[in-house]
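Trainee: The sequence shown maps to residues 22 to 382 in this note's numbering.
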Amino acid sequence: MEEKRLVDVSWPEFKALEVQKKGPYFSQEGRLFHVLIAQQFERDGLDRLCRLATCVRGIAKSKTGMRFLSGLLDHRRAMLDFTQPSSRTFLSFYAACQILGVKVGEVRDPSTSSEMKGESREDTVRTFSSYFDLLIMRTPQQGFAERMAWLLSNTGRPVPIINAGSGRDQHPTQSLLDIYTIQRSFERRGGIEGKNVVFVGDLARGRTVRSLAYLLTKYPGVKQFFVAPKELQVTDDILGQLDAAGVSYEVSYDFESVIPEADAIYMTRIQDEWDKTPGESKKLDNTRYYFRHDHLALLKQRAIIMHPLPRREEIDVAVDADPRAIYWRQVRNGMWIRVALIATIFAMDDEVFRYYNANLL
Ligand code: NCD
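#1: Can you have a look at A346 and say buried or exposed, based on whether 16 or more other CB atoms are within 10 angstroms of its CB?
#2: Within the continuous alpha helix (DSSP H) that includes V373, where are the two ends?
#3: Can you tell me whether N354 is buried or exposed, with buried defined as 16 or more other CB within 10 angstroms of its CB?
#4: Exposed or buried, what is L156 when buried is set at 16 or more other beta-carbons lying within 10 Å of its beta-carbon?
#5: From the DSSP output, in three-state form, read off L53 for me.
#6: For R88 and V77, what's the separation of their Cα atoms in angstroms?
#7: Count the other C-beta atoms from every protein chain shown that fall within 10 angstroms of the C-beta of A283, then say buried if there are 16 or more, exposed otherwise.
#8: Between L319 and I326, is the Cβ-Cβ spacing less than 9 Å?
#9: Whole angstroms are fine: how far does the CA of F374 sit from the CA of T308?
#10: CB of G86 to nearest heavy atom of the ligand NCD: below 8 Å?
#11: Considering only the alpha carbon of each residue, which of D341, T85, P45 and G92 lies closest to M369?
#12: Contact check, Y311 vs E334 under 8 Å by CB: the rounded distance?
#13: Put R159 into one of helix, strand or coil per three-state DSSP.
#14: Express the C-alpha separation of Q204 and G215 in angstroms, rounding to a whole number.
#15: Note down, in chain order, each residue of its chain lying with its Cβ closer than 6 Å to the Cβ of C71, except the 5 sequence neighbours on either side.
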């Protein structure tokens, strides 16, 4: 895609762009710079990131390999700005930075920052950009990371921003690790192409689903199923994007009838922190959308069960022992793909490929 510059566009103009048109603004000189939305990724970039993650994981197996990796970016600093709860995403970014030698600062609790003195979020983030070379941000507000990317390009020190979850809207790095996980699972069986992916749970407010549903459009022949109670079904904007991409999908309310069709089942938690009236989603009968132990018998022998985690009751813990349950592997894949992502942003990808080819092939 042809690159565009955030300095050439006003904020209202940029904000009003359709999500599919924003991607070209997030690269610089042909290289990935900001990572803000799933829609900025093309297929070749996804394939390259997955390959890089696999090389990193191989290199990291030995002490000399780890030494090589940790020297790559030991001149860089990253700020983890997480103003929404997180365990895995925070820690996997933290660990990814450590693997690459990137030094890390963090704010997790805004009550300890100058925002308590009335400073705007914008000024706070601008301050971070003065000290660090990379900002990794999780925010409750949709679009805030984009706003900051625009603002830093236009007024401050433009440093790359990675969106580690923006409200109900997007979670692009989770969808990258999900893609990496599906790709690895089906590596010897034709890849992601042509597989049936079933999303279950809170599809209206789950940002991981919104990002992954889009990325899957880059893999020909994938059919997506959306299984949820009516109130939590996938929203029209996502279906519109699938229509525009010409991919097939089915919206269903009957989980058990879909299980036998699945190659990958993507379970999600009810995102009740977004309830308009507290407790409203607890009133829905979500148990019909739980993966129970007896459902394993309905599932294809080689299918996979995924979950971005955290899990509540939607997957019975007894399912964990089944080899098709791969959500803990997914967690670890998150670390490797984030290493690949940060290495790519800072132009260390070729270096990693070279090392891998010279020492591990
Ligand atoms: C998800 C999130 O934060 O959107 N968690 C994660 O990053 N793995 C899913 C969730 O909170 O349900």
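Glycine is no exception: its CB is placed at the ideal position from the N, C-alpha and C atoms.
Mentor: Let me spell this out:
#1: On the sequence shown, position 325 is the one that residue 346 refers to. Classification for A346: buried.
#2: Translated into the one-based positions of the sequence shown, residue 373 becomes position 352. Unbroken alpha helix (DSSP H) run through V373: D370 to N380.
#3: By 1-based counting over the sequence shown, the position of residue 354 is 333. A residue is called buried when at least 16 other Cβ atoms come within 10 angstroms of its Cβ; N354 meets this threshold and is buried.
#4: Numbered from 1 along the sequence shown, position 135 holds the residue referred to as residue 156. In the assembly as shown, L156 is a buried residue. Its beta-carbon has 16 or more other beta-carbons within 10 Å.
#5: Walking along the sequence shown from the start, residue 53 turns up at place 32. In the three-state DSSP reduction, L53 falls in the strand class (E or B).
#6: Against the sequence shown, residue 88 aligns to sequence position 67. Against the sequence shown, residue 77 aligns to sequence position 56. Spanning the alpha carbons of R88 and V77 requires a straight line of approximately 12 Å.
#7: As a first step, residue 283 must be located in the sequence shown, where it is residue number 262. With 16 or more neighbouring CB atoms inside 10 Å of its own CB, A283 falls in the buried class.
#8: In the sequence shown, residue 319 corresponds to position 298, counting from 1. In the sequence shown, residue 326 corresponds to position 305, counting from 1. No. Outside cutoff.
#9: The sequence position of residue 308 within the sequence shown is 287, counting from 1. The sequence position of residue 374 within the sequence shown is 353, counting from 1. Cα-Cα distance, rounded: 46 Å.
#10: Within the sequence shown, the letter at position 65 stands for residue 86. Distances taken from the Cβ of G86 to the heavy atoms of the ligand NCD include none shorter than 8 Å.
#11: Here residue 369 is taken as the residue at index 348 of the sequence shown, counted from 1. Among D341, T85, P45 and G92, the Cα nearest to that of M369 belongs to G92.
#12: Indexing the sequence shown from 1 puts residue 311 at position 290. Indexing the sequence shown from 1 puts residue 334 at position 313. Cβ atoms of Y311 and E334 come within 8 Å of each other, at about 6 Å.
#13: For the purposes of this step, residue 159 is taken as residue 138 along the sequence shown, with counting starting at 1. Strand at R159.
#14: Position 194 of the sequence shown, counting from 1, holds the residue named residue 215. Position 183 of the sequence shown, counting from 1, holds the residue named residue 204. The straight-line gap separating the alpha-carbon atoms of G215 and Q204 is approximately 12 Å.
#15: Mapped onto the sequence shown, residue 71 falls at position 50. Around C71: Y201 and Q204.
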